[in-house]
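**Student:**
Protein chains in written order, with this note's numbering: chain A, 1 to 291; chain B, 1001 to 1291; chain C, 2001 to 2291; chain D, 3001 to 3291; chain E, 4001 to 4291; chain F, 5001 to 5291.
1. Compare the C-beta of residue 3130/D with all C-beta atoms of chain C and state if any pair is closer than 8 Å.
2. Bridge partners for residue 4224/E per DSSP, in chain order?
3. Report yes if the CB atom of residue 3174/D is closer than 8 Å to the CB atom of residue 3153/D, and no otherwise.
4. With DSSP as the reference, label residue 3027/D as helix, strand or coil.
5. So, helix, strand or coil for residue 2035/C, using DSSP?
6. Specify the secondary structure class of residue 1100/B as computed by DSSP and reduced to three states.
7. Using beta-carbon positions only, say whether residue 5094/F and residue 1021/B come within less than 8 Å of one another.
8. Checking contacts by CB at 8 Å: is residue 5194/F closer than that to chain C?
9. With DSSP as the reference, please indicate the residues paired to residue 3243/D in a beta bridge.
10. Should residue 2105/C be labelled buried (16 or more other beta-carbon atoms within 10 Å of its own) or exposed?
11. To the nearest angstrom, how far is the alpha carbon of residue 5037/F from that of residue 4112/E?
12. Quick one, which residues of the region 2114-2125 of chain C are near chain A if we go by CB-CB under 7 Å, in chain order?
13. Round the Cβ separation of residue 4156/E and residue 96/A to the nearest angstrom and send it over; I've been treating them as touching at under 8 Å.
14. In whole angstroms, what separates the C-alpha of residue 1030/B from that of residue 2188/C?
15. Residues of chain E with CB closer than 7 Å to the CB of residue 1138/B, please, in chain order.
16. Give the interface partners of residue 5156/F over in chain D, defined as CB-CB distance under 7 Å, in chain order.
17. Using the beta-carbon of each residue, which ones in chain B are nearer than 8 Å to residue 229/A?
18. Among residues of its own chain, excluding the 5 on either side of residue 3/A, which ones have a beta-carbon nearer than 8 Å to its beta-carbon?
19. State yes or no: is the beta carbon of residue 1082/B nearer than 8 Å to at least one beta carbon in chain D?
20. Is any beta-carbon of chain B found at less than 8 Å from that of residue 5267/F?
21. Anything in chain H within Cβ reach of residue 2016/C, meaning under 9 Å, just list it in chain order.
22. Helix, strand or coil for residue 4055/E, going by three-state DSSP, please let me know.
23. Of the choices 3217/D, 3240/D and 3172/D, whose alpha-carbon is the least far from that of residue 3063/D?
24. Tell me whether residue 5124/F sits in a helix, a strand or coil according to DSSP, three-state version.
25. If contact means a Cβ-Cβ distance below 8 Å, which residues of the region 5002-5027 of chain F contact chain D?
26. Closer than 8 Å, CB to CB, is residue 2260/C near chain A or not?
27. Would you check if the distance between the CB atom of residue 4137/E and the CB atom of residue 5008/F is smaller than 8 Å?
28. Using only the alpha-carbon positions, how far apart do residue 3241/D and residue 3052/D sit?
29. Flag this pair as yes or no: are the beta carbons of residue 4975/F and residue 2199/C separated by less than 8 Å?
30. Measure the alpha-carbon distance for residue 5195/F versus residue 5158/F and round it to whole angstroms.
31. Starting from the beta carbon of residue 4143/E, find every residue of chain F whose beta carbon is closer than 8 Å, and list them in chain order.
32. Along the chain, where does the alpha helix (DSSP H) that runs through residue 2187/C open and close?
33. For residue 3197/D, decide whether its Cβ has a neighbour in chain C, counting only Cβ atoms nearer than 8 Å.
34. With a threshold of 8 Å between beta-carbons, can residue 3133/D be considered close to chain A, or not?
35. Show which residues of chain D have a CB atom less than 8 Å away from the CB atom of residue 188/A.
Now the structure itself:
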């Protein structure tokens, strides 16, 4: 998904979006939960469709941390005044002035105005967020809850940040996260017969109420499970089938994965020496003599 | 790389190997450091070879957390007595007896004898382990140090655990981690002209002293940088070229990635309800009525 | 105690009050310290009055976390704009705007504008705050210090927040916490003969200087130990007797506990789906069919 | 419930049982989750039965941390050699010898062989374990998951520790926790119509397989919701009604709460100065002169 | 070094400066890393010059935490309104008003407007920041990286805070920290022959670009290693010799340590009872009777 | 104080002693508490004797972390089998075997069998242990409690570890810590007139019951306050005067500080590459060419 340019730099919006990266319900949590559950799966052959489902969703989550990171970086680009002390004429300049009152000081001290593995309060993501009990039903229930909690966080960040870049990202993740919610619901249903899908939506607002999500739902993206490794995850469709619990459309496994968007370029921030004043001639020089 | 079977279950060996997963210098740290640095790279076009290098190494690290996880799971398999309370005749049985004195109780309480995102003392991995300053030279120096620290930990786990499964894993990672050490040394050299490679090896023992690493070095694997995405990382060879600082052999970029090994099967541990006593007939029943 | 309505919503006042909930010296700490010390008491029969004292104070602390929570919730009510995306006509609305710059983002992301088990910086309360050494004199000394530290925090929150709801809560807790300070001083005196009460007040300001505390002291509430379980804590008066060290009035054990105040109603915050748009007809429907 | 005497002191059993106290799924978590959700409930009048349910369960949890604490304390009593340095003739004695190799050193250094607010690895309980989103459906789903996770932990501690005192405690908590699982399932069903109860049991073993739980189920205790404050929680029966999902028996609200068991006495551990060598004559002396 | 008076109180500047105290790369980290490495040095006699170097730098770091603390305290002095509730006529006063919106509430709740062992986000310094592997080359590499990371943080705080007191402190520490960077580079060079100094400066700005650092470099202070204990650290000059890698000047060991500056007086903050309203007559009274 | 050689290596004794280093009541806590309180002192001139007392005790604490570290290092020396993979003939050797079952794996993975900034469970020391409220009476009360808590921990480590090296260290620290307890008691007495010393000893065992403490008390060391900086701390004797509360002897300020003991040599542990196999000829070579 291609992210639109933000309306402008917004330090505290970037701080808020960090919740979707390194919060308890952020994308690092979904990524790492499914990764460990996939690694640790016992009795895989007997329960192959479930292994395939969890592993396949893990694979998709990687692109989600990427997307959240790009959003944060775009919102942070230009927050402080671009200037280079190596060439500046003003020794009294304090180009990071604006950072002093920003909510998250790590963005300026520990990174070059970039995303970090932390939440909206600057607390680091922790491995304690990974749940991998080894009991399939319990792990699936956890995942269903985790995705609903993640959905609540996404909606709240959406309501907090009006920037179009952030909202485009949230809109897309609401739809893809929605697929995962339904997937774990289906998995529990297939295991037990309980109609878990009737609990949805949690919280009590439909994705269609968010314009940036609605455009994807119109294309049916909320009903598609992309198969990220067609050779490996062949039994996905034993879980991902039937009707979508909210709109009744068909659930589809697709071997075509969505085309990637170009990764945005992030401008230099020389006041942070990011990436640093590297002399191209020197680079060429060393490239030659060291090759 | 295919892991040999362990000599037998070994609870405290598994606990020690967790350091290579979730320790400050574990594979989660290398994976996440390079991932965030890749995401946050500013001024990418000017410094493409460095971006490619960091991103490409990030891609390889994913397979390393997988390998460490598999080792832990194999060492934990069978640590406690397999039995199923649903069918057991002995209500007084305490099949997890052996877990009571094991160093890491989370392996039995929080997981089904599986790996978790924690270190050898059961402390969770933390996002505070991610360093992504945005200054290229500083990030590269960090990475060089991180890989050397990781190497020290690998060697110490090797000297602590004699099990062949664990040692095969460590031997392989010493070689691949060694590639990353040299890569970051090269990158620093290309940026500045300093002969960082002369610092190696850190610590002061060669990989060749470890038989399980030596077999890979004999095949030259310590001189090969695999390109995990040939379309994306085309400028790798502007950094990864010249001679290996320890043995003087040629540094090679390879577009052929190594063949994956079959992922080991992990037996059920019914005393932990892992994966749980799911009735195949019921599964079929629900599969039919819910499709 | 009945809380007055706040003058209006105040996000950062609520953030400050969290220190009295989940700070190192917050009410969760006093509650849990005395609870564990009561649970762990060894040699209870020999030292019954001390057991009774600690247990009885633990019982009172529960109502204190309740009161702090209510204050936080009242201050947070209405901080962001009430609106419901399900019925809103404005897809561009960002009702949580005001939350973006608030000091504590968890109030909006992790809760529905409600209190959490954290302090004024959003750091979670931790069990490491519990001290229960098992040595009675040391535990009592700890408790005396803990209550004085808690008093300092209350006074500082009072000086930081002028809202009448917050100040009414602090005023009341200064008085009740003052009872606990004197109680632990008395207990140490009874054990050793040292005149610990001469250290008071810590810090060096009397409760009477705070109008919202003075109104309770005028009623003598600072000299009353309520017995929360008359059957159990019969030997309270062997410690709680004699004169108050600051005003010389009689210390009294009372079997009548104070009348509870009505628990305030907290209005819905639909922009947070809190509690969520639940359809009363549906509730009735399911109530009927499921009964 | 009256706890039987343990077969003898067992340091590592006590360490394991700590998971049920201060683990992520321990009783402190259930207690504090429901307490905060009850405090923070918005729109209470509209949704009274749900408020009553959560608040009432919170009230019961307090007795559960008490029970887990008592079990730990009993298992720790006598772990190290009882002796008193004040009267000992042997200056070379090291009565805490046995503690040096015990898994959890805090039991001997930070407490007087008593329970602390930590888990089986000695990590402190944290307020980050509290989930209180303010969205009713999401909070109920969380609670349902939390109780299932707690059940998994109880079963695993049961399988790890064969001591009859520990197993009696776990057996009882399996039954009462089972009531809470069903209660949250019912609440979700009443809100949405989904038949959540069909997911049970999670994990896939019935309480009846554990003799110490079976004795309580035979008395029907798994179908009784005790009303801990008859005046307050009058609408409990609008959720807790109908049939138990596992055995089909009637769900009953009872205004009679179970008779409490006598709280066990914990012997002194003089080698830890717990409670300390207090001279009864001195106590009397100070009691007289200070009254 | 004598600190100039700040231009005025600045709460958020003080919060930012905390990163240099208790951040991962703050002065507590440098102090404690070298202290532990010095304590733990194995094979000291063989490698005396390196032991002397690390120990001597540890000794200097103590004065650095002192300097950072003084800066924070000066910036915090007067942030809130000075007043004394004991003598105030206005019961409605809320003198800490200004603290409610400050980024770091601990400065007002946990301290009397003073420095604490925490970073710019209020997260406490942790012993996990100490690296002491016991392998000399690895420890030196770590220290070289740590000092470069610390330098990046200092520069960023400089660019964020224009106050002359803060900048004077940072300027001085850039120079002294620069000495440590070169020292660890030299130590690695002496051990291996690698020309590590060619990597400098990291980040890519010279100290001379900062006027408050340039004044010290003009005096050659960046080339002087003070010997803090002439009797103990006699072999310092075996590492600290040769030319400075950036300006080619001679590296000098000096047995004269710089003259200390008078420690600034910090005014009372009576609104925080800091230090508290102590009556001088009472002090004299007790001094007399207790002597 | 000169430490005797341990009876032999003892991994778990070293793990226990870590509590006295990095535990909540360890020497890092006492050092850092008094250091920050000294740094942050407001109104120093008015209250000079108290400033001098706190600062002077801070100075002494540095030698205490040194002593605890040396004890840990001595106990760890030789725990695992000394061998050097560079010269070993046995590729199957696992010299760290003994470390696999040791309680604290960080001693072998993160350090070269050396002390770290952590407690007996391997949890890192944290800046949250620093209390510096700025209110003098409260800080002194805290310090009095902290020292009593530290005393309890020392006694318990003594009773846990019979090794003469550990006991010599504890015996000495009991005496010096005892001086600090009395000092803070005196300070509170001078401020308020309360006879705090009557609370002692806490816990209820005298230092004289520990032979390794008794030898120091016989020399009167428990009554001497060493003045670590005679020029600075000139008013110490306004607090430290009168009679010792336990034995009635005179309290003395001494300008002669105790003679330091030789710092023990710690042997190399080549199996950990600690300090690493550095070639002396190479060192000489680089020393020559780089000078």
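Ideal Cβ placement from N, Cα and C applies to all residues, glycine included.
**Tutor:** Put simply:
1. yes
2. 4252/E
3. no
4. helix
5. helix
6. coil
7. no
8. yes
9. 3250/D
10. buried
11. 10 Å
12. 2122
13. 6 Å
14. 54 Å
15. 4148, 4149, 4152, 4202 and 4203
16. 3096, 3108, 3109 and 3272
17. Here the premise fails: no neighbours, minimum Cβ distance about 11 Å.
18. 67, 70, 71, 74, 165, 168, 169, 261 and 264
19. no
20. no
21. No chain H appears in this structure, whose protein chains are A, B, C, D, E and F.
22. helix
23. 3172/D
24. strand
25. 5012, 5013, 5015, 5016, 5019, 5023 and 5024
26. no
27. no
28. 14 Å
29. There is no way to answer for residue 4975/F, as the model of chain F reaches only from 5001 to 5291.
30. 29 Å
31. Correct list: empty, because the minimum Cβ distance to chain F is about 14 Å.
32. 2164-2192
33. no
34. yes
35. 3199
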